[in-house]
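S.K.: Mapping of the sequence shown onto full-length UniProt numbering: residues 1 to 687, in sequence order.
Backbone N, C-alpha and C fix where the C-beta goes; we use that ideal spot for every residue, glycine too.
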Amino acid sequence: LAATQPSTNWHLKENAREHHTSKFSSEELIVRRGQVFTITFNGTEKPEQNLIFVAETGPKPSKATKTLATFGISSTVSKEGWSAVLQSTNSSSVSISISSPHNAIIGRYKLSVQIGSSPPASLGTFVLLFNPWSSGDDVFLPNKAECEEYVLEEFGIIFAGNKNHISGFGWNFGQFQGDILNICLSIMDRSLYYRQDPVTDVSHRHDPRYLGRVLSSMVNANDDQGVVLGNWSGKYEGGKNPSSWTGSGEILQSWKKSGFKPVKYGQCWVFAAVLTTVLRCLGIPTRTITNFSSAHDADGNLRVDEFYDADGNHLERGADSVWNFHVWNESWFTRNDLGPSYSGWQVLDATPQEESGGIYQCGPASRYAIKEGEVDLDYDCPFVFAEVNADCMYWNYDSATGKKTLIFSKSTEIGDSISTKAVGRDDRVDVTSDYKYEEGSVKERDTFKKARKKLGLEDKFDPTAPTQEEIEQKPDITGKFKVAGSLEVGKDLNLLLVLENLQSDAKTVNVNMTAWSTLYTRRPVNEIWKDSISVTLAPKEEKQFPIKIKYPEYQQQLTTDKTIQVTALCHVEDGIQVLVKRNITLDNPAIDIQVLGEAKVNKEVVVEVAFTNPINTEVKDCVLQVEGSDLLRGILELRIPPLKASEKSSTKFKLIPSEAGPKHLLVNFSCDKFADIKTFKMVNVIN
């Protein structure tokens, strides 16, 4: 008889190296599906005896749901199911190579062995993940550099700002740190899908399409007590301001520590970054995508309506909106349900905007289907199509009479400079042409018409739509806001309103101007300034009107998004109204990081962070927050004494890097006058 409990050598180092899982710091075996791993166990007195292995996962393992596999020793690795091949034996132990199918369910497995007629003995547990390095896997990504970036890289850059002024900030995805893998596995077990039917849910976990959709619903807290609670109010009491996070680790750990209560608060990039962490952790190649001038088309008519009053104030009317930017995800996998041309990058969006199938989830929508206007294909293509393609209508709304008048419409406003981080470099790559044909081209308009037709919008009379006559009306004047000088928090804001008369007779124009602080979603928060002027423009004349908004005027009103919308509603005598608007994102002052000396594994290195107070008043409540995978554990928080006007602070701290290679240090500095000044620095750690 065999000994009761065999002891197992999981060959953690060797298996991890072969399976690209070395970055996980775990005492448990973590391997990828469709690939051989080797284990050795003792307690077999006669190894040539009949060995039967059992691998099982989920609450009620069964062969029917592919959550239970039993397999004996075979001479070669099976392409179809689970298999075991005998490597070597001696008097007390056996080495076995085990392989799982390319479409195995991912998650934590129990492995046991039955030796001869004795009862099965447990060998322990291991975790099985998706395998983008394996050509049989649905997530197979042929380019190795892309596997490195989209699965193994723990640092990312998320683009923000607005289309005239794109900025990027660093993010620590940290998918291999500490307990993150276990947290990702528990996210799957807390979804509504699992709670309603655990057996069926687990049986679908071989499919990245299914898991992508489930996880897009679980990263937001709506419906299912998911990970992050969204807040777009501009008030963040009782939680953290969304712009203060620098990585996903703290968010996922907090969710677990609190007994799985949603973490407060997130906005779009937080949802996208956390979903990136979870999917990369599970082995699905994933990246964040930023869409500038992103439409939120709430009523599915591929049109967004914005309303302004006679003074030029942007009104919160109707459910549609245009965000300065919106961040979502792309994940790479095949679409066996749609066909080969729809495989590749798939859009997933964990930000809770609209319900899909009764809950807040979005995707996967094939990026190819979006470009081709195939909005009838699964999942949520009309919503994503509108985010990058909707037409914009600007209306003047009279609240006394309820009458609305079209000011103008624009079909090239939405979906600009769609951006993601480059592979292997800290640069921006523009992927707009992967989402749509060139704006204004015949192909782009044809695709838009095709999408409208598929949604049944072409044939249906829409009483809210403007008439053709309204759309084709031509204004007598044009206008734009130009920036004069720098756009920095702490400095005065200097703009020029440029108005041009297009006609060959003089025009009198009454201009009502306003400036509001907004959120990045363009939701107006506080009025900063207003003014009105009356202007006469000679035939074909262009005039410039300087506008100055002083720092003390906007300082109290500014949101932490640092965004201001300036509008000028021009009432032309005997002509149609003209709306001039510009969304401005202010830059924070700079912060500087220096690594003093060489960064070596397990050796202390000093880092210095310097900040100069750019304004002529004292800043206080200064806090520096530092994080970086493999450079320090968790988050370092340092309080800094108040800084007088123009005073420079220099803060030093020590790091002990734990792994060699290019690593990124992320710094976030806040004080009472400046929120969340972010920067990052690549630190090359040597052995």
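According to DSSP, is R17 helix, strand or coil?
M.R.: Translated into positions along the sequence shown, residue 17 becomes position 17. If DSSP states are grouped into helix, strand and coil, R17 belongs with the helices.
S.K.: Buried or exposed, going by whether 16 or more other CB atoms sit within 10 Å of the CB of A2?
M.R.: Counting from one through the sequence shown, the residue named residue 2 turns up at place 2. Unreliable placement is indicated for A2, whose pLDDT of 44 sits below 50; no coordinate value is reported for it.
S.K.: Cβ of K482 less than 8 Å from any chain E Cβ?
M.R.: As a matter of chain content, chain E is missing from the structure shown, which is built from one protein chain.
S.K.: Closest to Q577 by C-alpha separation, out of I98, L86, G259, V509, would be which residue?
M.R.: Here residue 577 is taken as the residue at index 577 of the sequence shown, counted from 1. Per the Cα distances, V509.
S.K.: Give me the Cβ distance between S409 and P466, rounded to the nearest whole Å; I'm assuming they're in contact under 8 Å.
M.R.: As a working note, residue 409 is residue 409 in the sequence shown. As a working note, residue 466 is residue 466 in the sequence shown. That belief holds up - the Cβ atoms of S409 and P466 are roughly 6 Å apart, short of 8 Å.
S.K.: Sort T38, D137, Q114 by Cα distance to K79 and report the nearest one.
M.R.: Sequence index remark: in the sequence shown, residue 79 carries index 79 (1-based). The shortest Cα separation from K79 among T38, D137, Q114 belongs to D137.
S.K.: Taking 8 Å as the limit between beta carbons, can you name the residues of its chain near K603, skipping five residues before and five after?
M.R.: The residue given as residue 603 occupies position 603 in the sequence shown. Around K603: I656, P657.
S.K.: What is the DSSP secondary structure of A2, reduced to helix, strand or coil?
M.R.: For the purposes of this step, residue 2 is taken as residue 2 along the sequence shown, with counting starting at 1. At A2 the pLDDT is 44, less than 50, meaning the model places this residue with poor confidence; the figure from the coordinates comes in the next sentence. DSSP places A2 in coil when its eight states are reduced to three.
S.K.: Which residue or residues does DSSP assign as beta-bridge partners of G230?
M.R.: Your numbering for residue 230 matches position 230 in the sequence shown. In DSSP, G230 forms a bridge with G266.
S.K.: Can you tell me whether R205 is buried or exposed? The criterion is at least 16 other CB atoms within 10 Å of its CB, across all chains shown.
M.R.: By one-based count along the sequence shown, residue 205 stands at place 205. By the 10 Å Cβ count, R205 comes out buried.
S.K.: Nearest by alpha-carbon distance to G234: which of V525, L666, V270 is it?
M.R.: If you number the sequence shown from 1, residue 234 lands on position 234. That would be V525, whose Cα lies nearest to the Cα of G234.
S.K.: Using only the alpha-carbon positions, how far apart do V228 and P120 sit?
M.R.: Taking the sequence shown and counting its residues from 1, the one referred to as residue 228 is at position 228. Taking the sequence shown and counting its residues from 1, the one referred to as residue 120 is at position 120. Spanning the two alpha carbons is a distance of roughly 42 Å.
S.K.: Pull up the CB-CB distance for L128 and I106, whole angstroms please, since I reckon it's below 8 Å.
M.R.: Locating residue 128 in the sequence shown gives position 128, counting from the first residue. Locating residue 106 in the sequence shown gives position 106, counting from the first residue. Contact flag correct, Cβ pair sits at about 5 Å.
S.K.: State the CB to CB distance for the pair Y265 and G230, rounded to an integer number of angstroms; the pair is presumed to be in contact (CB under 8 Å).
M.R.: Working through the sequence shown from its first residue, we reach residue 265 at position 265. Working through the sequence shown from its first residue, we reach residue 230 at position 230. That belief holds up - the Cβ atoms of Y265 and G230 are roughly 7 Å apart, short of 8 Å.
S.K.: Looking at the secondary structure, which residues open and close the alpha helix (DSSP H) in which D416 lies?
M.R.: Here the question's residue 416 lines up with position 416 in the sequence shown. Per DSSP, D416 belongs to no alpha helix (DSSP H); it is in the beta strand (DSSP E), 416 to 421.
S.K.: Quick one: what does DSSP say T405 is sitting in, helix, strand or coil?
M.R.: One-based indexing of the sequence shown puts residue 405 at position 405. T405 falls in the strand class under three-state DSSP.
S.K.: Determine the contact status of S417 and D430, defining contact as a CB-CB distance below 8 Å.
M.R.: As a working mapping, residue 417 is identified with position 417 in the sequence shown. As a working mapping, residue 430 is identified with position 430 in the sequence shown. In this structure, D430 lies closer than 8 Å to S417 by Cβ.
S.K.: Does DSSP put G212 in a helix, a strand or coil?
M.R.: As a working mapping, residue 212 is identified with position 212 in the sequence shown. In the structure shown, G212 sits in a helix (DSSP, three-state: H, G or I).
S.K.: Go through its chain and collect everything with a Cβ distance to L665's Cβ below 6 Å, but skip five positions before and after it.
M.R.: For the purposes of this step, residue 665 is taken as residue 665 along the sequence shown, with counting starting at 1. Within the same chain, L665 has close Cβ partners G628, L631, K681, V683.
S.K.: K548 lies in the beta strand (DSSP E); which residues open and close that run?
M.R.: Numbered from 1 along the sequence shown, position 548 holds the residue referred to as residue 548. Segment 542 to 549, the beta strand (DSSP E) holding K548.
S.K.: Is L86 near G72, with beta carbons less than 8 Å apart?
M.R.: Locating residue 86 in the sequence shown gives position 86, counting from the first residue. Locating residue 72 in the sequence shown gives position 72, counting from the first residue. The answer is no: Cβ separation not under 8 Å.
S.K.: Report the rounded CA-to-CA distance for Q361 versus D349, giving the unit in angstroms.
M.R.: Within the sequence shown, residue 361 is the residue found at index 361, counting from 1. Within the sequence shown, residue 349 is the residue found at index 349, counting from 1. Straight-line Cα distance between these residues: approximately 7 Å.
S.K.: Buried or exposed: where does V489 fall if 16 or more other Cβ atoms within 10 Å of its Cβ makes it buried?
M.R.: Stepping through the sequence shown from its first residue, residue 489 is reached at position 489. Flag for V489 reads buried.
S.K.: Does the contact criterion of 3 or more C-beta pairs under 8 Å hold for the segment 370 to 384 versus the segment 537 to 556?
M.R.: The segment 370 to 384 is not in contact with the segment 537 to 556.
S.K.: Leaving out five residues before and five after E618 in sequence, what residues of the same chain have Cβ atoms less than 8 Å from its Cβ?
M.R.: As a first step, residue 618 must be located in the sequence shown, where it is residue number 618. Counting only Cβ-Cβ distances below 8 Å, and skipping sequence neighbours, we find P642, L643, K644, A645.
S.K.: I need the boundaries of the beta strand (DSSP E) containing W332, first residue and last residue.
M.R.: The residue labelled residue 332 in the question sits at position 332 within the sequence shown. Start and end: 321 to 333.
S.K.: Label E149 either buried or exposed according to how many other C-beta atoms from any shown protein chain fall within 10 Å of its C-beta, with 16 as the threshold for buried.
M.R.: In the sequence shown, the residue the question calls residue 149 occupies position 149. So E149 ends up on the buried side.
S.K.: Report the CB separation of L636 from F669 in whole angstroms; it is logged as a contact under 8 Å.
M.R.: Here residue 636 refers to the residue found at position 636 when the sequence shown is read from its first residue. Here residue 669 refers to the residue found at position 669 when the sequence shown is read from its first residue. About 13 Å; that fails the 8 Å criterion.
S.K.: Between the beta-carbon of residue 701 and the beta-carbon of N389, is there less than 8 Å?
M.R.: With the chain covering 1 to 687 only, the question about residue 701 has no answer from this structure.
S.K.: Thinking C-alpha only, which one of V572, R523, Q556 is nearest D505?
M.R.: Taking the first residue of the sequence shown as position 1, residue 505 is located at position 505. Cα-wise, what sits closest to D505 is V572.
S.K.: The beta strand (DSSP E) spanning D305 covers which residue range?
M.R.: Start at 1 with the first residue of the sequence shown, and residue 305 comes out as number 305. Counting along the chain, the beta strand (DSSP E) containing D305 begins and ends at 303 to 308.
S.K.: Contact between the segment 306 to 321 and the segment 251 to 269: three or more CB pairs below 8 Å?
M.R.: Touching, no, given that fewer than three Cβ pairs across the two stretches are closer than 8 Å.
S.K.: Rounded C-beta distance between R32 and N182? I'm assuming under 8 Å.
M.R.: As a working note, residue 32 is residue 32 in the sequence shown. As a working note, residue 182 is residue 182 in the sequence shown. Incorrect: roughly 17 Å between the Cβ atoms, too far for contact.
S.K.: Using only CA atoms, which one of L275, E387, P352 lies nearest to G283?
M.R.: Mapped onto the sequence shown, residue 283 falls at position 283. When only C-alpha atoms are compared, the closest one is L275.
S.K.: If you measure from the CB of S83, is any heavy atom of the ligand FMN nearer than 7 Å?
M.R.: The ligand content of the structure shown is nil, which means the ligand FMN is not present either.
S.K.: Let's test the definition: count the other Cβ atoms within 10 Å of the Cβ of Q594 and tell me whether it reaches 16, buried, or not, exposed.
M.R.: Counted from its first residue, the sequence shown places residue 594 at position 594. So Q594 ends up on the exposed side.
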